[in-house]
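Shown next, in structure tokens, is the structure this report addresses.
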Amino acid sequence: MAMHVMVAHGTVVSLSPLALSGGSFAESRRVLAAVAGCGVTRGDLHGSLQHVAAESRAGLSTRRQSRGIRTRAEQTGGGDGSAATTVIDGALVQVEGGITEVDKDTFWPLVKSAGEKVVVLDMYTQWCGPCKLMLPKLQALAATMDDVIFCKLDCNQDNKPLAKELGIKVVPTFKIFKSDTLVGSVSGAKYDDLVKAIESARSGQ
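Mapping of the sequence shown onto UniProt numbering: residues 1 to 205, in sequence order.
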């Protein structure tokens, strides 16, 4: 798309993208011919073109920044539904397979914000085999129980204070909360017992 530029003394020159990007020799001759005899010096033309080029570069930089911001926002969205991020009490946390990864700082804010919803906490360790076997089963439950919030806590050294507070003795251990209150607990990889405990909490029994 051509750009019309007033270079001096009311003279307007039409500049193509080729001219703005540096152009060819023929394009440069066309521009010079357009201003010949109009009282416009090469200095006037050079100054105007420098100004236009600077504005063009600034506009391109802004567009690139906008695309970068949009890309980062899309990445946090988890487009395929398998992974995303969310914010809990000002902290960015990972959500994968419908299960939110919490730590000692984000767990209680999540429970408090859940209101009447049931919260199921999977307490695990990285080295626990039964924990890994239970994870896909929990993800399947999370996909079918829209009214239940599933989260998991890595019981590492950093989260030891919360694990101790919740009285964990073995992994995996599942803690079930409702209305900011502990209403159920299942120790070990006991899937059927966990489902029963969740259903009991959902029904308010």
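All C-beta atoms, glycine included, are put in the ideal place defined by N, C-alpha and C.
Note that the structure is predicted; figures quoted are calculated from it, not measured.
Pairwise C-alpha distance: residue j and residue i
i      : j      : result
ARG70  : ASP193 : For ARG70, the pLDDT reaches just 32, beneath the cut-off of 50, and the residue's location in the model is therefore unreliable, leaving the point undetermined.
LEU110 : LEU182 : 14 Å
LEU166 : ASP105 : 14 Å
SER200 : ILE176 : 10 Å
ASP147 : ILE198 : 11 Å
GLY78  : ASP122 : With a pLDDT of 49 at GLY78, under the threshold of 50, the predicted position of this residue should be treated as unreliable, though the coordinate-derived value follows. Their backbone Cα atoms lie some 22 Å apart in a straight line.
ILE168 : ALA84  : 28 Å
CYS128 : TRP108 : 24 Å
MET145 : ALA163 : 25 Å
TYR124 : PRO130 : 9 Å
ARG202 : ALA114 : 13 Å
ILE149 : ASP103 : 15 Å
ASN159 : LYS112 : 19 Å
VAL170 : ASP180 : 23 Å
N- and C-terminal bounds of the alpha helix (DSSP H) containing residue i
i      : result
MET134 : 129-144
LEU162 : 160-165
Residue j beta carbon less than 9 Å from that of residue i
i      : j      : result
PRO161 : MET134 : no
GLN139 : ILE99  : yes
ALA143 : GLY97  : yes
GLU101 : CYS151 : yes
VAL195 : LEU141 : yes
ARG120 : PHE174 : It is Val, not Arg, that sits at residue 120 in the sequence shown. Going by C-beta atoms, VAL120 is nearer than 9 Å to PHE174.
TYR191 : LYS132 : no
Extent of the continuous beta strand (DSSP E) to which residue i belongs
i           : result
ILE149      : 148-154
GLU116      : No beta strand (DSSP E) contains GLU116, which DSSP labels as neither H nor E.
residue 241 : Outside the displayed range of the chain (1 to 205) lies residue 241, so it cannot be described from this structure.
LYS175      : 173-178
residue 219 : Since the first residue shown for the chain is 1 and the last is 205, residue 219 is missing from the structure and cannot be characterised.
THR125      : No beta strand (DSSP E) contains THR125, which DSSP labels as neither H nor E.
GLY184      : 181-187
THR106      : First-last for THR106: undefined, no H or E at that position.
Cβ distance (whole Å) where residue i is taken to contact residue j below 8 Å
i      : j      : result
VAL118 : LYS178 : 5 Å
Assess, as a yes-or-no matter, whether the region 181-190 is touched by the region 144-157 under the definition of 3 or more beta carbon pairs within less than 8 Å. Not touching, per the Cβ criterion.
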